[in-house]
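In short: position in the sequence shown from 1, add 2, done, that's the numbering used here. Quick reminder that beta carbons are idealized off the backbone N, C-alpha and C, glycines included. Take a look at the structure set out below.
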Amino acid sequence: MNKAERCHAAMDYRRQGLNCSQCLLAAFRDRAGLTVDQAMALGAGMGGGVRCGSICGAVSAPVMLLGTACPTDRAAVTAVVKEYQRRFLEHFHRMDCRELLRSQELEPSELALELAGSDHCGRLIVTAAEILTDMLEEA
3 MNKAERCHAA MDYRRQGLNC SQCLLAAFRD RAGLTVDQAM ALGAGMGGGV RCGSICGAVS
63 APVMLLGTAC PTDRAAVTAV VKEYQRRFLE HFHRMDCREL LRSQELEPSE LALELAGSDH
123 CGRLIVTAAE ILTDMLEEA
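Dropping the structure here:
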């Protein structure tokens, strides 16, 4: 799938009422060798910032998926995770779900605005899918 297809897939899952982590895990499931059911199960507890307002699923799911690109190289996975965080923070200035939900300072991508409209979390999901696609292509 190309970037636009991944973003559309992630938003399709969002429209089904899934959390940020589930949407991204499902849209990128092929990269981790997961079925849709496995992606849903892995992401179920990640919604709402691990159910306590902590790290957003639009951060936690990509971190898991990026780990599949270099699972045994600790230095490489650390570098790729830090780079994802840097890119995410460029758009959203924070990573915690609770803070992201309150924030009016989001800077989603153009595609996120087009696909998600006014859906606050949808904007996070689509932008995260774009960042993740770029980074997986670079890996």
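Contacting residues, own chain, Cβ-Cβ under 6 Å from residue i (five flanking each side not counted)
i     : result
Met48 : Ser23, Gly59, Ser62
Arg31 : Ala41
Inter-residue spacing [alpha-carbon to alpha-carbon] between residue i and residue j
i      : j      : result
Arg96  : Arg104 : 11 Å
Thr129 : Ala46  : 20 Å
Glu109 : Leu36  : 31 Å
Ala114 : Gln106 : 15 Å
Collapsed DSSP secondary structure at residue i in the structure displayed
i      : result
Asp75  : coil
Asp14  : helix
Asp121 : coil
Cut-off 8 Å between Cβ atoms - residues of its own chain near residue i, not counting five sequence neighbours on either side
i      : result
Ala141 : Leu68, Ala71, Cys72, Val82
Buried versus exposed, by CB contacts within 10 Å (16 or more), residue i
i      : result
Leu126 : buried
Cys54  : exposed
Quiz item: In chain order, which continuous runs of the alpha helix (DSSP H) of length 4 or greater are located wholly inside the segment 36-84?
Solution: 38-45, 59-69
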